[in-house]
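If you're matching positions, the sequence shown starts at -15 in the numbering used here and goes up one per residue.
Where a beta carbon is used, it is the ideal one built from N, C-alpha and C, also for glycine.
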Amino acid sequence: MRLEIDKKKCIKCFGCVSVCPNQALENTDDGPKWNKDKCTGCGACVNFCPVKALKLVNE
Ligand code: SF4
Ligand code: SF4
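Structure below.
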């Protein structure tokens, strides 16, 4: 599982960072940064994102 972040769509609201129950997303100047090792693929961030900038991809 991989989280794709579309940086062109992201408005840096950082709500995804707040809703992640596993602290798998972190605030950076460049937008949210994903930590694969902490992510469980729960989808909370994807569901939250107001501009649909996040996508979970099976690999
Ligand atoms: S919720 Fe969406 S728009 Fe907001 S910071 Fe996360 S990816 Fe960007
Ligand atoms: S899928 Fe769930 S665990 Fe992974 S980054 Fe998003 S909110 Fe966090």
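Item                                                                                                   : Value
For V41, three-class secondary structure by DSSP                                                       : strand
Heavy atom of ligand 1 within 7 Å of L38 beta-carbon                                                   : yes
Buried/exposed call for V41, threshold 16 Cβ in 10 Å                                                   : exposed
Enclosing alpha helix (DSSP H) for K28 [first to last residue]                                         : It should be pointed out that residue 28 corresponds to Ala in this sequence rather than to Lys. Taken as a continuous stretch (DSSP letters only), the alpha helix (DSSP H) holding A28 covers A28 to F32.
Buried versus exposed call for V35 [16 or more other C-beta atoms within 10 Å across all chains shown] : exposed
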